[in-house]
Every structure is written in structure tokens, then in C-alpha cells.
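Colleague:
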């Protein structure tokens, strides 16, 4: 694909996401599709399926790319994220058992396996590629569950989903393009552009939430790009803030439990400022750790999360460069 065509698809993704998000903000009023912004004093009620907008824009762009010759990789970069998004939408309209959700999130990995859109020799920096032919398919399935839950765990503040994943997507796009993986590079940039269009209405004070449909789609795209572009270790390093956040939550809550059913809260909102809970037994989260010493505004916390993500993405880039640049 020419650079002009590439740029057109990325811009189309941005514009479509912006317009579709506006439609959701203006017209979604169903009680089942509305959530409460608990970090605001007046607790406004907002549409919680804003992720549908960038799901549609991203999927449309990648479908066009596939029709124009995107191949098997292009196909799985449409199908796997859509499967994950459908599971997220189901959770948005109906609460899922915390033990059922991880099992459902194994499903997005199936298209990758069915179409053999993977190479079971992950590249380890300073070591090289290792052969794990039998184990790799199981790791593919598990990766979608782990990354989806990790990304979702950071999507708790206005703009936090977008700001925490944009550095990761930019990194994946740059490396994929460098080594010759055009389709994963386009997927990363198209989703990044879609997220920027969505951010216009999701930034503080938000008028819409991304919902589980949004966080699941983002996680599935990142995971699929990592697998198809052979950037598994790089992606793991870039997502360390997300993965550690989910790990801390699970450990401090004593296992997989729904946050809605857990009485203790990691933070409080006092006069519009986010304050870390002083109780030792309350769940440990990234937001709680960030506000541990000083109360912060919601926008400031989201920016701090973005800095952490940018830092981990730089570490991921260094990890990749240490291992040596490998062309496709």
C-alpha cells in the first residue's frame, strides 16, 4: 500500500471515530447503556458504550485494508478484536461472572490459531528466537485474557484508557513498520487515530465512557499485533503498568472478584480531588499508589498514568534495540 493510502486510512479512522462518538454522546439514553461517573461530585450519568465508536471506525478501516490485499494477518486483525469487543459489549449490558469473563476472553485467540497467523518462535532479546511449538498456542489464548483484564483495570478515569495505550500503539506501529510488517503497523496507527477521535469526548470532564467494549477491543488489537509482528516480549514490557496494576488488584482482593461486589475502595473523592485510601486492607491499584502522598485531580492522575506508559514503552524500545533490529 502507498504512503498516501496508508495515511488516508488512518485519517479516516480518526474522523469516523470522532463523528460516531458524537452520535453516541447525543443519542444514547437507554438506562442499560448509561454509567455513573463516580469521581465527580455531581455523579453525572454518561453513555458507557463509547468504545463502540472506535470499534466501528477501526474495524471499517482494517476491513477495507483486508479487502485491498491485507492477507491473513489483516483478517485476524479484524476478527479477533471484534470477538473481544462483542464480549465487552455483552458485559456492558449484562454483568458477567468474574470467573466466566476470563474464559470468554480466550475466544479472540481462536482466529489467530485457526488461520495460523503466528510463528511459534518468540524472539527473546539477547537470546534470539526460542522454539515452543506446543506451548505457544496456549500462550496465545491466555494472552488475550491477561491483556484484556490488564488494560481494563487501568480504564478507570477520564482519558486513562487512551493515554495509557497510545504510547504502546505508537511503539508497536514504529517497530512493525521498521521491520516490514505493514498490516500490524496500520492496525496500531488506525486504532491510535480512532482513540484520539474518541478522546475529544472522553477527556476530563468526560461526556462518554469507553466501556468494556472499548477496553477489550484495544487489548485485542495490541495482543494481535504483538503476535503477528513477533513483538511479544516488547509488548509485555510496554504493558508493565497495566499488568502490574491488575496483579496488585487480584492479590489485594484475594482472587478474581468483581469490584462492584467489593465494599472497600482504593480511593476516595474529596472536594473533587482523588485521595488514596488510608486503610491497609483496601485494594491496591495504580491510581491509589499515584495519589498515595498527595491528593490529585482526575486529569492529573490520567496524565501521570500516561507518563508511566510512555516510560515503559521507552524501556520496551530499549529492550528491542538491545536484542538487535530484526527485519521481517
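Residue numbers (the numbering used here): 25 to 352. Cβ coordinates follow ideal geometry from the N, Cα and C atoms, glycine included. Quantities reported herein were computed from a predicted structural model and do not represent experimental measurements.
Measure the Cβ-Cβ separation of residue 123 and residue 183 and say whether it is below 8 angstroms.
Modeller: For residue 123 and residue 183, no; Cβs fall outside 8 angstroms.
Colleague: Across which residues does DSSP place residue 293 in a beta bridge pair?
Modeller: Looking at the DSSP assignment, residue 293 forms a beta bridge with 298.
Colleague: Can you give, in chain order, each stretch of the alpha helix (DSSP H) that sits fully within the segment 112-136 and has at least 4 residues?
Modeller: If we require 4 residues or more, the alpha helix (DSSP H) runs fully inside the segment 112-136 come out as 124-128.
Colleague: How big is the Cα-Cα spacing for residue 313 and residue 194?
Modeller: Rounded to the nearest angstrom, the two C-alpha atoms are 26 angstroms apart.
Colleague: So which of 272, 84, 44 and 89 has the shortest CA-CA distance to residue 74?
Modeller: Of the listed residues, the one whose Cα sits closest to residue 74 is 44.
Colleague: Please state the DSSP three-state secondary structure of residue 52.
Modeller: Coil, per DSSP.
Colleague: Do residue 52 and residue 65 have their beta-carbon atoms positioned less than 8 angstroms apart in this structure?
Modeller: Taking 8 angstroms as the Cβ cut-off, residue 65 and residue 52 do not qualify as a contacting pair.
Colleague: Using the DSSP secondary-structure output, state which residues sit across from residue 71 in a beta bridge.
Modeller: In DSSP, residue 71 forms a bridge with 58.
Colleague: Determine whether the beta carbon atoms of residue 131 and residue 148 lie at a separation below 8 angstroms.
Modeller: Cβ distance not < 8 angstroms, so residue 131 and residue 148 don't count as in contact.
Colleague: Under a three-way DSSP split, which group does residue 320 fall into?
Modeller: DSSP places residue 320 in strand when its eight states are reduced to three.
Colleague: Might you give, ordered along the chain, the residues of its own chain that have their beta carbon closer than 6 angstroms to the beta carbon of residue 337, omitting 5 neighbours on each side?
Modeller: The answer, listed in chain order, is 191, 192, 195 and 262.
Colleague: Output the distance between the C-alpha atoms of residue 150 and residue 128, rounded to the nearest integer angstrom.
Modeller: Cα to Cα, residue 150 sits roughly 35 angstroms from residue 128.
Colleague: What is the residue span of the alpha helix (DSSP H) that residue 245 lies within?
Modeller: First-last of the alpha helix (DSSP H) with residue 245: 235-252.
Colleague: How close, in whole Å, do the beta carbons of residue 276 and residue 308 come, if the pair is a contact with beta carbons under 8 angstroms?
Modeller: Yes, residue 276 and residue 308 are in contact; Cβ-Cβ is about 4 angstroms, under 8 angstroms.
Colleague: Label residue 316 either buried or exposed according to how many other C-beta atoms from any shown protein chain fall within 10 Å of its C-beta, with 16 as the threshold for buried.
Modeller: Exposed, since its Cβ has fewer than 16 Cβ neighbours within 10 Å.
Colleague: Going by the beta-carbon positions, is the gap between residue 140 and residue 81 smaller than 8 angstroms?
Modeller: Not a contact, by the Cβ cut-off of 8 angstroms.
Colleague: Is it right to say residue 34 is buried, meaning 16 or more other beta carbons lie within 10 angstroms of its own, or is it exposed?
Modeller: Answer is buried; the Cβ neighbour count reaches 16.
Colleague: Output needed for residue 253: all residues of its chain with C-beta closer than 6 angstroms, excluding positions within five of it in sequence on either side, in chain order.
Modeller: The answer, listed in chain order, is 200, 205 and 208.
Colleague: In terms of alpha-carbon separation, which member of 342, 173, 221 and 162 lies closest to residue 187?
Modeller: Checking every option, the nearest Cα to that of residue 187 belongs to 221.
Colleague: Could you please give the first and the last residue of the uninterrupted alpha helix (DSSP H) stretch that includes residue 309?
Modeller: It is not in any alpha helix (DSSP H) - residue 309 carries neither H nor E in the DSSP assignment.
Colleague: Let me confirm a value: residue 173 is counted as buried when at least 16 other C-beta atoms fall within 10 Å, else exposed. Which label applies?
Modeller: Residue 173 is buried by the Cβ-count criterion.
Colleague: Relative to the C-alpha of residue 142, which candidate in 54, 108, 101 and 40 has its C-alpha closest?
Modeller: Comparing Cα-Cα distances from residue 142 to each of 54, 108, 101 and 40, the minimum goes to 101.
Colleague: Applying the criterion that 16 or more other CB atoms from any shown protein chain within 10 Å of the CB defines a buried residue, is residue 210 buried or exposed?
Modeller: Flag for residue 210 reads buried.
Colleague: Residue 353 by DSSP, collapsed to three states: which one?
Modeller: Past the boundaries of the shown model lies residue 353; the chain is included only from 25 to 352, so the question cannot be answered.
Colleague: Assuming residue 117 and residue 69 are in contact, meaning their beta carbons sit under 8 angstroms apart, how far apart are those beta carbons, in whole angstroms?
Modeller: Wrong, their Cβ atoms sit about 16 angstroms apart, outside the cutoff.
Colleague: Give a yes or no on whether the C-beta atoms belonging to residue 247 and residue 180 are separated by under 8 angstroms.
Modeller: Cβ atoms of residue 247 and residue 180: not closer than 8 angstroms.
Colleague: Grab the span of the alpha helix (DSSP H) containing residue 273 for me, first residue to last.
Modeller: Where residue 273 is concerned, the enclosing alpha helix (DSSP H) stretches over 264-277.
Colleague: Helix, strand or coil for residue 200, going by three-state DSSP, please let me know.
Modeller: Looking at residue 200 - three-state DSSP - the assignment turns out to be helix.
Colleague: Could you tell me the alpha carbon to alpha carbon distance between residue 271 and residue 28, rounded to whole angstroms?
Modeller: Roughly 42 angstroms between the two C-alpha positions.
Colleague: Assuming contact is defined by CB atoms lying nearer than 8 angstroms, are residue 329 and residue 310 in contact in what I supplied?
Modeller: Contact: yes.
Colleague: Which first and last residues belong to the alpha helix (DSSP H) in which residue 65 is found?
Modeller: No alpha helix (DSSP H) holds residue 65; DSSP gives it neither H nor E.
Colleague: How is residue 153 classed by DSSP in three states: helix, strand or coil?
Modeller: In this structure, residue 153 counts as strand in the three-state DSSP scheme.
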